[in-house]
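Note sheet for the following structure.
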Ligand code: SF4
């Protein structure tokens with residue numbers, strides 16, 4: 015399950031028949047939670063081909079400009095650092111018209127990192143409500159997608175995800191900047 019995987023590779027090392035393998039492919043974003051659960055024998059190419067479904071409405075609304083507000087909801091700062099790197103001179107996400115902004119009032123959606131602790135749940139909710147419609151939700155990193163290593167903690171409040179659907183999942187612990195940029199570009203219809 016790429017939505018829970020922290021990419022430590024312990025499972026691959028423990029698997030005697032090589033049934034689990036990791037690659038350096040970065041195109042692992044998906045628009046549905048179910049897709050993140052890789053089927054036995056599923057080739058990486060097959061996963062990538064169906065993982066992100068571009069939608070005409072999303073392309074029309076956000077295809078030329080997408081402003082995002084990042085909410086660190088109890089993340090360890092790993093995801094946050096890689097998202098910041100997506101905008102640096104190496105990856106330069108801004109050249110595609112995709113930027114992080116300082117206020118949810120200026121944003122088209124939120125990018126959530128971290129497992130969402132109880133004390134960050136109201137802040138996440140408030141930030142989401144402050145984003146004008148139409149708006150999108152991106153869950154970046156294993157913690158945001160599933161709770162990650164902290165999924166069983168009583169300190170989490172993930173009720174936000176029961177009320178607001180996620181539009182795009184970006185796996186990783188943390189996600190690589192290329193994974194984030196590729197996922198968003200495909201989602202907004204900028205990549206075939
Ligand atoms: Fe940190 Fe990994 Fe959670 Fe991101 S997914 S906040 S890197 S523990």
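In our numbering, the protein residues as written are 15 to 206.
Ideal Cβ placement from N, Cα and C applies to all residues, glycine included.
- Separation of the CB atoms of residue 197 and residue 182 is rounded to 6 Å, and the pair is thereby assigned contact status at 8 Å.
- It is roughly 37 Å from the alpha-carbon of residue 169 to the alpha-carbon of residue 57.
- In the DSSP assignment, residue 84 is bridged to 125.
- DSSP lists no beta-bridge partner residue for residue 198.
- Annotation: the continuous alpha helix (DSSP H) that includes residue 138 extends over 135-144.
- Annotation for residue 115: no beta strand (DSSP E) segment contains it, and DSSP assigns it neither H nor E.
- By the Cβ neighbour-count rule, residue 188 is buried, with 16 or more other Cβ atoms within 10 Å of its own.
- Taking all protein chains shown into account, residue 158 has 16 or more neighbouring C-beta atoms within 10 Å of its C-beta and is therefore buried.
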